[in-house]
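To start, the structure itself, in C-alpha cells.
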Amino acid sequence: RATSAGRDLKDPRLLVALYKERAMRQIMFASDKVEAARSEGLDLVGALNRASVHLVRAANAHSHLLVVENFHEKLQELKVSQKLKKTLLQLFQLYALDGITNCSGEFLEDGILSGTEVKAIRQYVVELLPLIRVNAVALVDAFDFRDEVLDSVLGRYDGNVYEELLKWALSSPLNKTDVHPSYDKYLKPLLHR
Amino acid sequence: INPDLQRERDAATIDPEELTRIIFDGAKELDKKRKLEDAVFNDPDYKSIPLNFMSREEQYEEGIRRSAIAVTKKEALGDLIENHNDLISYNTLACGIGNAFFLHESMFADSIKRMATDELKQKMMPLQQKFEIIGTYAQTEMGHGTFLRGLETTAHYDPNTQEFVLNSPTVTSTKWWPGALGKTSTHAVVLAQLYTQGKCHGIHPFVVQLRSLEDHKSLPGITLGDIGPKFGYGANDNGFLRLNNHRIPRENMLMKYSQVAPDGTYTKPPKAELTYGTMTFIRSMIVRASAFGLARGTTIAIRYSAVRRQSEMRPGEPEPQVLSYPTQQYKLFPLLATAYAFFFVQKKMVETYSVVNQQINDGDYTRIQELHGLSSGLKAFTSWATNVGLEICRMSCGGHGYSMSSGFPKLYVDFTPNCTYEGENTVLLLQTARFLVKSLKEGKRGAKLPGTVAYLSSNVTELRA
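Heads up: the sequence lines are chains X and Y, in that order. Under the numbering used here, the first residue of the first sequence carries the number 1, and numbering increases by one thereafter. Under the numbering used here, the first residue of the second sequence carries the number 194, and numbering increases by one thereafter.
Below is the structure:
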C-alpha cells in the first residue's frame, strides 16, 4: 500500500494532514492575492472582491477539511464493534480519497501529492467500492427512515417496487375513466375532420 | 421482502441497528424517535391523499390542518417531546408536507428568546408558546437577500409618541419570501434600518403585529399576501409584506444588546454579529438537514439499485443488479460516505452552536466570529454537496427517478432552497474566507487561534511533519 514516497495514502491521519495542507495552501494563495491587490493600491473591499474566486475556493477547502477532520475524530471516539469500526473506516477513506480525486488539481499544484499518488488514490477509490457494497443496504437501513418518511416507491424497505409503481400509476386522476373528456372536445374533432 | 434486497441484508457484516443507535444518540433517543413515529403514523388525522394530486391551495390548507392538529396533540405526547430537536422531529413527521409553524417555533421564538428585553420576553413568550399569536421572521426583501446592510425597510423613532414608524419606502424593500407570512402569521420579527435622532444605526429587529387577533385581517398600514407558486414547498405561504407608516411601541424593538432610550438616544451592541445570531442557529440546522437529505437520497437509490436488474454483464447471462456495476457503485457510495460524514459534522456544528451560544449568554463574545465562519462555511459546503448529490441519486434510478413516485422531485425541490436561504452559499463562503484570511494573518503574528482554525498558526513544514 505504500507509495514510492513511502506514504500509506489510506492512513486516516495522513489524509487529514493532506486536507489540512491543501486548505492552508488555498487560504495562503487567496490571502496573497488580497495582499497583492492591496499593494497595487486597492482598498480592502476592492482587494477582497478581486480575489473573491480564490477566496471561495479557500473557504470550500477549509470546510471540506472540517468535515474530513471531524469524521476522523468521530472514528477515534466511537466505541463500537470491530466490524462496524472497519466499515466506518472504509466510508471515511472513501469520502476522503474521493474528495482528493475530485479536487486533485489543488493537491497537485503545491506538490501536496504527486501525480503517481493521485493515480494510486483513484485506484484505491475503485477498490473500496466492492468492500462497501457488502454493507451498502445495511448502511442505508441504519438511517432508519420509515417508508412514510421516505415517501418513495423506489426506496421502500420491502423492495416491492414494481407492484407499487403499478398501484401508483392506477391512482393517477387521468385513469379515472378509460376515455378522457378531452377526447370529445379536441381529439375526436381532429380525428374526424 | 424482495429477495434481492433480502440477500443484500443477509450478506451484510454489520448490524445496522448498532449504527442506528449511534446516529440517533443512543438506544433511549432511538426508542423515543420510533415511538414518536408510531404516534404520528398510526394517527388517522395525519393521513391525506398524496400531495402530488392536490392543487396549491389544497396543499396549503392541508399543511395548515396538519400543523394545527400537531399543536393540539403535542401535549398528549408527554416525555416523547423533551427538547427542541424532538419538537422539530415531531413537526416534520406530522406535517411532512410543510410545517406552517416552523418559523414560529424556531426563528421567531429564538429571536425573542435571545434578543428581547426581559419585559418583552415575559410578554411575548407565553403568547408564542400557547399559540395565541403566530410569528415569523421577515428579513429578506424583494431586492435584497443575504446582504443585510442593504435592506431598505425603515424604522424611524418618534420620541413624541415613543413609537417606531415602519415603512417600506421602495418596491424593492417589500419583504419577500418569509415562510407563513402571507396568510398564516399574526406577528413577525421585522428587520429594518433603525433611524433615531436623524441618524441611521443599521439593521435592527422589531416585533411587529401584522394581523388582528380578532378576525385575522391585516392591520391598517400593513399589506400582506402570498408570493405565488414556487419550485417546491407548496404547502407554505411564503409571503410578502409592505409597511406604510405602521407604528409600534418603543418596547417592541429587540433591545437586549442595542437600545433606544425613550428620548431616542441610541446605544450600540457590544458586537454587531449579535443581530444575526438567529441565522447562525438556522445555518447549523441546515447542516443537519443536509445530512438527512443526502441520507434519504442514498437510501432510495441504493435500495432501488439492489432491486433493479438491468442489461447483461456478459451476453446470455441473467441481468445483474444495477448495484453490481462499479459505475453505479461509484455514483452512489461516495454519496453514502458523504451522508455519514455530514451526520457526524452536523452533530459537531450543533454542539459548537450550543457552547458558543452559552458563552454569549454569559457575556463572552470571543468565539462569535469563529461560529459565524464555521456555520457559514459548513452550511454552504454541505448544502451544495447535498443539492448536487440528490440529482446524482435521482439519475442513478434511471427513468423511474423522474416520476414523482420516486420521491426525488419532492426531496430535491424541498431541499434545494437550503442553498439560497439564510445566506446565499457563495456569499457565505466569502464571509468564511474573510475570517480565514484574518485568522491566517493573526496566526502569523503568533496569536492563539480558536479550535477550527488553529492549524493556520502552523507553517507548511510543521504540518507536513
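For glycine and all other residues, C-beta sits at the position ideal for the given N, C-alpha and C.
In the stretch 415–432 of chain Y, which residues sit with their C-beta less than 9 Å from some C-beta in chain X, listed in chain order?
none
How would you list, in chain order, the residues of chain X whose beta-carbon sits under 8 Å from the beta-carbon of Y/F526?
For this step, residue 526 of chain Y is matched to residue 333 along the second sequence. Going along chain X in sequence order, the residues near Y/F526 (Cβ under 8 Å) are L94, L128, L129, I132, R133 and A136.
Taking Cβ positions, are Y/S477 and Y/T545 nearer each other than 9 Å?
To locate residue 477 of chain Y, count along the second sequence from 1; it is residue 284. To locate residue 545 of chain Y, count along the second sequence from 1; it is residue 352. In contact: Y/S477 and Y/T545 (Cβ atoms closer than 9 Å).
Would you mind giving the Cβ-Cβ distance between X/L154 and Y/Y497, rounded to the nearest angstrom? I have them listed as a contact below 8 Å.
In the first sequence, counting from the first residue as 1, residue 154 of chain X sits at position 154. In the second sequence, counting from the first residue as 1, residue 497 of chain Y sits at position 304. Right, the Cβ-Cβ distance comes to about 4 Å (below 8 Å), so this counts as a contact.
Roughly how many whole angstroms lie between the Cα atoms of X/Q82 and Y/E444?
Stepping through the first sequence from its first residue, residue 82 of chain X is reached at position 82. Stepping through the second sequence from its first residue, residue 444 of chain Y is reached at position 251. If I take the Cα positions, the gap works out to 59 Å.
Using only CA atoms, which one of Y/Y350, Y/A428, Y/L406 and Y/T416 lies nearest to Y/H394?
For the purposes of this step, residue 394 of chain Y is taken as the residue at position 201 of the second sequence. The shortest Cα separation from Y/H394 among Y/Y350, Y/A428, Y/L406 and Y/T416 belongs to Y/Y350.
Cβ of Y/C590 within 9 Å of any chain X Cβ
In the second sequence, counting from the first residue as 1, residue 590 of chain Y sits at position 397. At least one chain X Cβ lies under 9 Å of Y/C590.
What do you get for Y/T645, buried or exposed, if any count of 16 or more other CB atoms within 10 angstroms of its CB means buried?
By 1-based counting over the second sequence, the position of residue 645 of chain Y is 452. It counts as buried.
Listed in chain order, which residues of the stretch 141–159 of chain X have Cβ atoms closer than 8 Å to some Cβ of chain Y?
D141, A142, F143, D144, F145, R146, E148, V149, L150, D151, S152, V153, L154, G155, R156, Y157, D158 and G159
Give me the residue from X/A61, X/F143, X/T87 and X/P12 with the minimum Cα distance to X/L129.
The residue labelled residue 129 of chain X in the question sits at position 129 within the first sequence. Minimum Cα distance to X/L129 is reached at X/T87.
Taking just the CA atoms, how far does Y/T377 sit from Y/G594?
Mapped onto the second sequence, residue 594 of chain Y falls at position 401. Mapped onto the second sequence, residue 377 of chain Y falls at position 184. If you take the alpha carbons of Y/G594 and Y/T377, they lie about 34 Å apart.
Beta carbon of Y/T579, beta carbon of X/F143: below 9 Å?
What you label residue 579 of chain Y is simply residue 386 of the second sequence in a count that begins at 1. What you label residue 143 of chain X is simply residue 143 of the first sequence in a count that begins at 1. The answer is no: Cβ separation not under 9 Å.
Nearest CA to the CA of Y/K323: which residue from Y/D236, Y/V358, Y/K267 and Y/S547?
Position 130 of the second sequence holds residue 323 of chain Y. Closest by alpha carbon: Y/K267.
Do you know how far the Cα of X/E117 is from the Cα of X/A2?
In the first sequence, residue 2 of chain X corresponds to position 2, counting from 1. In the first sequence, residue 117 of chain X corresponds to position 117, counting from 1. Because X/A2 sits at a pLDDT of 44, beneath the cut-off of 50, its placement in the model cannot be relied upon, and the point is left open.
Looking only at C-alpha atoms, which of X/A30, X/V126, X/V45 and X/S172 sits nearest to Y/S596?
Here residue 596 of chain Y corresponds to residue number 403 of the second sequence, with the count starting at 1. It is X/S172 whose Cα lies nearest to the Cα of Y/S596.
Contact between the stretch 522–539 of chain Y and the stretch 92–99 of chain X (3+ Cβ pairs under 8 Å):
yes
Inspect the CB distances between the stretch 278–294 of chain Y and the stretch 254–264 of chain Y and report whether three or more fall short of 8 Å.
yes
Identify the continuous alpha helix (DSSP H) that holds Y/I215 and give its terminal residues.
Mapped onto the second sequence, residue 215 of chain Y falls at position 22. It spans P209 to I216 - the alpha helix (DSSP H) in which Y/I215 sits, taken as one unbroken run.
Of all the alpha helix (DSSP H) runs that stay within the bounds of the stretch 546–622 of chain Y, which reach a length of 4 or more residues?
561–588 and 601–608
Coarse secondary structure for X/R1, derived from DSSP in three states
Within the first sequence, numbered from 1, the residue matching residue 1 of chain X stands at position 1. Any reading at X/R1 is ruled out, since the residue's pLDDT is 41, under 50, leaving its predicted position unreliable.
Give the residues of chain X in contact with Y/Y648, contact being defined as C-beta atoms less than 7 Å apart.
In the second sequence, residue 648 of chain Y corresponds to position 455, counting from 1. The answer, in chain order, is K20 and M24.
Beta bridge counterpart(s) of Y/N360 as assigned by DSSP
Your numbering for residue 360 of chain Y matches position 167 in the second sequence. Its beta-bridge partners are Y/T347.
In chain Y, what lies closer than 8 Å to X/D98 by C-beta?
For the purposes of this step, residue 98 of chain X is identified with residue 98 of the first sequence, where counting begins at 1. Residues of chain Y passing the Cβ test: P527 and A530.
State the start and end residues of the unbroken alpha helix (DSSP H) segment that holds Y/K314.
Translated into positions along the second sequence, residue 314 of chain Y becomes position 121. Per DSSP, Y/K314 belongs to the alpha helix (DSSP H) from D311 to Q322.
What separation, rounded to the nearest whole angstrom, lies between the Cα atoms of X/L44 and X/S63?
By one-based count along the first sequence, residue 44 of chain X stands at place 44. By one-based count along the first sequence, residue 63 of chain X stands at place 63. The straight-line gap from Cα to Cα measures roughly 24 Å.
Taking Y/F433 and Y/W369 to be in contact with their CB atoms under 8 Å, please state how far apart those CB atoms are, rounded to whole angstroms.
Counting from one through the second sequence, the residue named residue 433 of chain Y turns up at place 240. Counting from one through the second sequence, the residue named residue 369 of chain Y turns up at place 176. That belief holds up - the Cβ atoms of Y/F433 and Y/W369 are roughly 5 Å apart, short of 8 Å.
Taking any Cβ of chain X, which residues in the stretch 495–523 of chain Y have a Cβ under 9 Å from it, in chain order?
I495, R496, Y497, S498, A499, V500, R501, L516, S517, P519, Q522 and Y523
Can you pull the chain X neighbours of Y/H593, defined as C-beta to C-beta under 9 Å?
Indexing the second sequence from 1 puts residue 593 of chain Y at position 400. The contacting residues are V153, L154, V161 and L165.
So what does Y/C393 bridge to, in DSSP terms?
Position 200 of the second sequence, counted from the start, is the residue given in the question as residue 393 of chain Y. DSSP output for Y/C393 lists Y/Y388 as bridge partner(s).
Delimiting residues of the alpha helix (DSSP H) encompassing Y/T416
Residue 416 of chain Y sits at position 223 when you count from the first residue of the second sequence. Counting along the chain, Y/T416 falls outside any alpha helix (DSSP H), though it belongs to the beta strand (DSSP E) covering I415 to D419.
Tell me which residue opens and which closes the alpha helix (DSSP H) that X/A30 is part of.
Position 30 of the first sequence, counted from the first residue, corresponds to residue 30 of chain X. P12 to S39 is the span of the alpha helix (DSSP H), which, as asked, contains X/A30.
Output the boundary residues of the beta strand (DSSP E) element that contains Y/G432.
For this step, residue 432 of chain Y is matched to residue 239 along the second sequence. Per DSSP, Y/G432 belongs to the beta strand (DSSP E) from G432 to L436.
Restricting to Cα atoms, I'd like to know which of Y/E251, Y/R440, Y/A269 and Y/F474 is closest to Y/G616.
In the second sequence, residue 616 of chain Y corresponds to position 423, counting from 1. It is Y/F474.
How would you label X/T177, buried or exposed, when you count the other beta carbons within 10 angstroms and need 16 or more for buried?
The count along the first sequence starts at 1 and reaches residue 177 of chain X at position 177. Counting Cβ neighbours within 10 Å, X/T177 comes out exposed, since fewer than 16 surround it.
Just to confirm my understanding: we take Y/N245, look at its own chain, exclude 5 residues before and 5 after, and list those with CB closer than 7 Å. What are they?
Taking the first residue of the second sequence as position 1, residue 245 of chain Y is located at position 52. Result list for Y/N245: M597, in chain order.
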